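K.L.:
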Ligand SMILES: Cc1ncc(COP(=O)(O)O)c(C=O)c1O
């Protein structure tokens, strides 16, 4: 099929503004169907969960629909979909529950490629539990996360390997399956950060070997809701801190306080929207998601090639990361301008790009750029245009 970006773009009211949105890695736009689903929940009136009356049953229905949708999106089990405010909060919660099972002498493995949300919760809870932290290093020339090192990092003492499915700055997609195979071979669990990856291709937690797969709906056109997907039996083996009075069944055990029910309605709408990116896709929602996200990824890569070619042609530009398998996310500096100056020049031209470490705390330090403002990040989405790429390139070309 020919990816019909005009048809896709017509669904996003914010795109009418003419702004060039190359900041999707920090949060995407929402289509009308998501906005309407959230508004409808407020319009109808949504009560708290667990009651016997209709508006409460609606809240329960939104929650269940969100779990089903996220399970379809990542090929998980809806009974193991934990929902919450964002990925960081949920990861801290899971880290606390897992750390309760660790003993001094155990070890966890984290990577310098990861967003800090899949690093610091493990490092901090390891510190409290007296557990050793082992670091997987990034090949700074290529941005790859070499798999071979995990054979040395993982052993019988290893309890957990935390690794990203895609870097939110370099775009690198590590060979997660090879890493989780090594983890499982040693009896360790694998916690995979899919927050950046999920928007840019087909997510399959089972194929990745993720015991936990974390994602965030606002990165894939939905509202601000975080999700961690795991086997319900595994979740049931964990005892997170929780109120005595709250539901102790899985996944409720991990969900603290009153959630954002209207946003849950938006989560299901976002997954339906993604499944419809390819209008010719057939079958159940999962099948349509696979077809749609495959088509969207191929389209994003045509834009990525254009952006990389344009930046590579400018000898003032330094590009960070050149992984073989990557998302359509580009991280660069321009000699003569700080990353902030580049982002401001872009903003003056109504082009949104991020500057700074973007919470990729370890890799920006390893690259030696964190203290000097890091770099500029331009991230392409399934609603981006070749014109957006050209607008960014024109700003860069005009920099002093
Ligand atoms: C790769 C990655 N992991 C984790 C996070 C944190 O997600 P959240 O904002 O849902 O806590 C982000 C957010 O930018 C991210 O890009």
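Numbering (the working numbering), first residue to last: 458 to 857.
Glycine is no exception: its CB is placed at the ideal position from the N, C-alpha and C atoms.
Note that the structure is a prediction, hence the values are computed from the model and not measured.
(1) Can you find at least 3 beta carbon pairs, one from the segment 655 to 671 and one from the segment 710 to 723, that sit closer than 8 Å?
(2) For the beta strand (DSSP E) containing residue 812, list its first residue and its last residue.
(3) Using a threshold of 8 Å, is the CB atom of residue 673 nearer than that to any non-hydrogen atom of ligand 1?
(4) Closer than 8 Å is the cut-off here; do at least three beta carbon pairs connect the segment 502 to 511 with the segment 827 to 843?
(5) Mind checking whether the beta-carbon of residue 571 lies closer than 8 Å to any heavy atom of ligand 1?
(6) Over what stretch of residues does the beta strand (DSSP E) that includes residue 789 continue unbroken?
(7) With distances taken Cα to Cα, identify the nearest neighbour of residue 777 among 796, 813, 795, 824.
(8) Just mark residue 485 as buried or exposed, buried being the case when its beta carbon has 16 or more other beta carbons within 10 Å.
(9) Between which residues of its own chain and residue 797 is the CB-CB distance below 7 Å, once the five residues before and five after are set aside?
(10) I'd like to know if the segment 516 to 534 and the segment 670 to 688 are in contact, where contact means that at least 3 CB-CB pairs between them fall below 8 Å.
(11) Does DSSP put residue 650 in a helix, a strand or coil?
(12) Opposite residue 496 in the DSSP bridges: which residues?
(13) Output yes or no for whether 9 Å exceeds the beta carbon distance between residue 683 and residue 542.
(14) Could you say if the segment 554 to 574 and the segment 712 to 731 meet the contact criterion of at least three C-beta pairs nearer than 8 Å?
(15) Could you pull out every unbroken alpha helix (DSSP H) segment of at least 4 residues lying fully inside the segment 553 to 602, listed in chain order?
(16) Out of curiosity, what's the CA-to-CA distance linking residue 494 and residue 476?
(17) If you run the structure through DSSP and keep just helix, strand and coil, what is residue 510?
(18) If you reduce the DSSP assignment to three classes, tell me which class residue 478 lands in.
(19) Restricting to Cα atoms, I'd like to know which of 772, 844, 856 is closest to residue 805.
(20) So residue 609 and residue 743 are supposed to be a Cβ contact under 8 Å. How far apart are they, rounded?
(21) With a 10 Å radius around its C-beta and 16 neighbouring C-beta atoms as the bar for buried, classify residue 458 as buried or exposed.
(22) Alpha carbons only, please: which of 781, 701, 780, 789 is nearest the one belonging to residue 772?
(23) With a 10 Å radius around its C-beta and 16 neighbouring C-beta atoms as the bar for buried, classify residue 706 as buried or exposed.
(24) Hey, how far is the Cα of residue 784 from the Cα of residue 693?
(25) Answer with buried or exposed for residue 464, where buried requires no fewer than 16 other C-beta atoms within 10 angstroms of its C-beta.
(26) For residue 425, report the span of its alpha helix (DSSP H) as first-last.
P.N.:
To lay it out plainly:
(1) The segment 655 to 671, when compared against the segment 710 to 723, does not touch it at the 8 Å Cβ threshold.
(2) Where residue 812 is concerned, the enclosing beta strand (DSSP E) stretches over 811 to 813.
(3) For ligand 1, at least one heavy atom lies less than 8 Å from the Cβ of residue 673.
(4) Contact between the segment 502 to 511 and the segment 827 to 843 is absent, with fewer than three C-beta pairs closer than 8 Å.
(5) Taken from the Cβ of residue 571, at least one heavy atom of ligand 1 lies inside 8 Å.
(6) Looking at the DSSP string, the run of the beta strand (DSSP E) that includes residue 789 is 786 to 791.
(7) Among 796, 813, 795, 824, the Cα nearest to that of residue 777 belongs to 824.
(8) Taking all protein chains shown into account, residue 485 has 16 or more neighbouring C-beta atoms within 10 Å of its C-beta and is therefore buried.
(9) The beta carbon of residue 797 lies closer than 7 Å to those of 812, 830 in the same chain, with the five residues before and after it left out.
(10) Yes, they touch.
(11) In the structure shown, residue 650 sits in a strand (DSSP, three-state: E or B).
(12) Paired residue(s): none; residue 496 is not in a bridge.
(13) Yes; because the gap between Cβ atoms is below 9 Å, this pair is in contact.
(14) The segment 554 to 574 vs the segment 712 to 731: no contact.
(15) For the segment 553 to 602, whole alpha helix (DSSP H) runs of length 4 or above, ordered along the chain, are 577 to 586.
(16) If you take the alpha carbons of residue 494 and residue 476, they lie about 24 Å apart.
(17) Coil at residue 510, not helix or strand.
(18) Correct three-state label for residue 478: strand.
(19) Nearest of 772, 844, 856 to residue 805, Cα basis: 856.
(20) Cβ atoms of residue 609 and residue 743 stay farther apart than 8 Å, at about 37 Å.
(21) The residue in question, residue 458, is exposed, as its Cβ has fewer than 16 Cβ neighbours within 10 Å.
(22) For residue 772, the nearest C-alpha among the options comes from 789.
(23) With fewer than 16 other beta carbons inside 10 angstroms of its own, residue 706 counts as exposed.
(24) Spanning the two alpha carbons is a distance of roughly 34 Å.
(25) Here residue 464 is exposed, its C-beta having fewer than 16 other C-beta atoms within 10 Å.
(26) Since the displayed the chain opens at 458 and closes at 857, residue 425 lies outside it and no answer follows.
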